[in-house]
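All remarks here apply to the structure that follows.
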């Protein structure tokens with residue numbers, strides 16, 4: 025990871041309101057190629073709204089969202105579809121096609137977006153099923169799977185076309201610790217293999233820091249800093265500091281600071 | 054509607070989803086169409102016989118039954134039955150897909166949701182509705198025959214001759230035009246209501262939102278069929 029990497033996604037002073045309530049109030053962010061950017065924050069702060077702007081599912085009231093140098097608001101439908109063809113998305117509620125089997129869910133992007141024959145589609149899907157540890161479950165419907173398995177199917181579907189950018193919206197919400205670790209392990213393995221750029225929305229702090237190159241906090245309608253996890257944990261920004269203390273307990277930047285606290289106690 | 058038509062014309066063309074929708078909208082509606090067609094024809098035979106008997110002209114029964122069915126009741130009742138059976142299901146299916154972000158997932162996979170979801174249903178509606186209407190008409194005419202000829206002893210020759218001399222190609226054409234337009238209209242209204250569920254007044258959220266939107270889609274599609282029935286009749290007559 026270097027700061028010289030090409031900028032894949034850029035948000036510039038993005039604003040968005042819902043029913044008069046301003047959710048995004050001048051959000052700016054740069055996501056660089058090959059890196060993992062994590063957006064953390066309390067629930068209801070607008071983290072998923074940022075993601076939906078990056079995906080072109082929402083348009084900003086003001087500001088600009090650029091992906092691969094293309095302003096999404098000005099992009100034609102065809103251009104938007106072309107940009108999205110480089111995306112993989114793991115939705116918060118997974119959004120699997122509930123009338124289709126696991127196999128068909130993963131095969132759908134291949135059937136609709138490539139000219140592959142059914143034999144090579146089968147080979148590709150089976151490879152992804154094996155990667156996610158889902159062998160033997162291909163004939164099941166999403167409702168017959170556990171939450172963790174559904175997330176793995178979602179991840180397999182997101183990665184089946186070898187995307188350049190993968191978006192994860194709360195990938196471990198509702199999962200127990202071991203299932204969360206499993207998702208993180210799969211994320212780590214697949215990113216090392218496919219070298220995709222990742223944008224993760226999460227509140228699984230501090231675990232998510234281990235996977236991230238950059239961390240940004242969504243608070244008060246803006247992204248507070250976008251820095252390395254180490255710098256994030258030691259940031260002087262009162263909002264970041266308060267979030268870090270709230271989620272991880274006090275973190276001391278120096279022995280002096282720590283001893284001052286003990287003296288106060 | 055225009056987007057859907059454009060997507061339907063634009064390649065690639067995939068036959069399998071269309072065939073699956075023809076089965077859902079058309080073949081699976083066959084029983085209800087046969088049943089309602091038969092009883093509509095029977096009640097037309099019954100009412101027609103008693104009315105025509107007052108004027109001593111039961112020989113016109115075949116023509117009266119056939120004209121009523123081919124020009125009006127066939128297309129309209131078949132469309133209303135398909136709205137109740139398939140239209141409501143289309144709206145609920147697409148609406149649930151919208152609510153559970155499945156349509157967003159399609160868009161993020163760079164799959165055009167119009168082309169993938171709406172177009173096969175529209176094309177299937179266009180193909181299935183005229184066929185279902187023809188079946189409705191034929192079964193209805195047989196229903197009228199059963200009552201008029203078998204029950205009330207109207208001569209079979211008079212029944213069919215009356216039909217032969219009164220039904221002209223324009224009547225059949227009118228029925229077919231109506232059924233094609235109704236097929237397009239009912240699928241479009243029901244699919245669009247589900248597709249734009251999130252823009253519904255009140256948000257269309259949750260199971261209640263889907264049920265409310267499905268109800269309004271069925272009502273709107275039924276009313277639209279009746280309004281367009283009048284308009285097409287007025288234009289073609």
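Protein chains in written order, with the working numbering: chain A, 25 to 289; chain B, 54 to 290. Ideal Cβ positions, reconstructed from N, Cα and C, are used throughout, including at glycine.
Which residue marks the beginning of the alpha helix (DSSP H) containing residue 99(A), and which one marks its end?
No alpha helix (DSSP H) contains residue 99(A), which DSSP labels as neither H nor E.
Contained beta strand (DSSP E) runs [length at least 3] in the segment 233 to 267 of chain A, N- to C-terminal order
238 to 243 and 246 to 251
### Message
Please state whether the Cβ-Cβ distance between residue 113(B) and residue 196(B) is less than 8 angstroms.
### Response
Against a cut-off of 8 angstroms, the Cβ pair of residue 196(B) and residue 113(B) comes out as no contact.
Restricting to Cα atoms, I'd like to know which of 68(A), 64(A), 59(A) and 247(A) is closest to residue 42(A). Selected option, being the one with the closest Cα: 68(A).
When you compare each of 150(B), 61(B) and 81(B) to residue 185(B) by their alpha carbons, which one comes out closest? 81(B)
*asked:* Residues of chain A with CB closer than 8 angstroms to the CB of residue 153(B), please, in chain order.
replied: 117, 119 and 122
- prompt: In its own chain, which residues sit with a C-beta less than 7 angstroms from the C-beta of residue 159(B), not counting the 5 before and 5 after it?
  reply: 166 and 169
Practice item. Find out if the Cβ-Cβ distance for the pair residue 174(B), residue 136(B) is shorter than 8 angstroms. Key: no
Practice prompt. Could you tell me if residue 112(A) is buried or exposed, where buried requires 16 or more neighbouring beta carbons within 10 angstroms of its beta carbon?
Written response: Residue 112(A) comes out buried.
Closest to residue 31(A) by C-alpha separation, out of 130(A), 266(A), 92(A) and 172(A), would be which residue?
92(A)
(Q) Using beta carbons (cut-off 8 angstroms, strictly below), is residue 144(A) in contact with chain B? (A) It does not; no Cβ of chain B falls within 8 angstroms.
Can you give, in chain order, each stretch of the alpha helix (DSSP H) that sits fully within the segment 130 to 188 of chain B and has at least 4 residues? 141 to 152 and 155 to 161
So for residue 257(B), helix, strand or coil by DSSP?
Residue 257(B) falls in the coil class under three-state DSSP.
Is it right to say residue 288(B) is buried, meaning 16 or more other beta carbons lie within 10 angstroms of its own, or is it exposed? exposed
Would you kindly check if the distance between the Cβ of residue 236(B) and the Cβ of residue 181(B) is under 8 angstroms? yes
Item to check | Span separating the alpha-carbon of residue 79(B) from that of residue 58(A) | outcome: 50 angstroms
Residue 71(A), DSSP secondary structure in three states = helix
Q) Do residue 183(A) and residue 152(A) have their CB atoms nearer than 8 angstroms? A) yes
Report task. Give me the Cα-Cα distance between residue 228(A) and residue 273(A), rounded to the nearest whole angstrom. Result -> Between residue 228(A) and residue 273(A), the C-alpha separation is close to 14 angstroms.
Anyone know if the C-beta pair for residue 154(B) and residue 119(A) falls short of 8 angstroms? Taking 8 angstroms as the Cβ cut-off, residue 154(B) and residue 119(A) qualify as a contacting pair.
Evaluate residue 170(A) with the Cβ neighbour count: other Cβ atoms within 10 Å of its Cβ, from every protein chain shown; 16 or more gives buried, anything less gives exposed. Here residue 170(A) is exposed. Its C-beta has fewer than 16 other C-beta atoms within 10 Å.
For this session: Can you pull the chain A residues whose beta carbon is under 7 angstroms from the beta carbon of residue 161(B), in chain order?
Result: 79, 108, 111 and 113
*Check whether the segment 217 to 232 of chain A touches the segment 62 to 76 of chain A, taking contact to mean three or more Cβ pairs, one atom from each stretch, closer than 8 angstroms.*
yes
Please return the same chain residues whose Cβ sits closer than 6 angstroms to the Cβ of residue 148(B), not counting the five positions on each side in sequence. Correct list, in chain order: 247, 250, 263 and 266.
Could you give the distance in angstroms between the alpha-carbon of residue 180(A) and the alpha-carbon of residue 156(A)? 7 angstroms
Does any residue of chain B have a CB that is nearer than 8 angstroms to the CB of residue 136(A)?
yes
query: Considering residue 203(B), what are the terminal residues of the beta strand (DSSP E) in which it resides?
result: Where residue 203(B) is concerned, there is no enclosing beta strand (DSSP E), given that its DSSP letter is neither H nor E.
Task: Other residues of its chain near residue 218(A): CB distance less than 7 angstroms, five sequence neighbours each side excluded - done: 183 and 186
Between residue 78(B) and chain A, is there a C-beta pair that is closer than 8 angstroms? Any Cβ of chain A closer than 8 angstroms to the Cβ of residue 78(B) would place that residue at the interface, and such an atom is absent.
For residue 215(A) and residue 275(B), I'd like the C-alpha separation in whole angstroms. 52 angstroms
- For residue 169(B) and chain A, any beta-carbon pair shorter than 8 angstroms? Yes, residue 169(B) lies at the interface with chain A (some Cβ there is under 8 angstroms from its Cβ).
Checklist line | Buried or exposed (CB count within 10 angstroms, at least 16 for buried), residue 284(B) | finding: exposed
Using the C-alpha atoms, what's the distance from residue 268(B) back to residue 238(B)? Rounded to the nearest angstrom, the two C-alpha atoms are 16 angstroms apart.
### Message
Would the segment 234 to 246 of chain A count as touching the segment 196 to 207 of chain A if we require 3 or more Cβ pairs under 8 angstroms?
### Response
no
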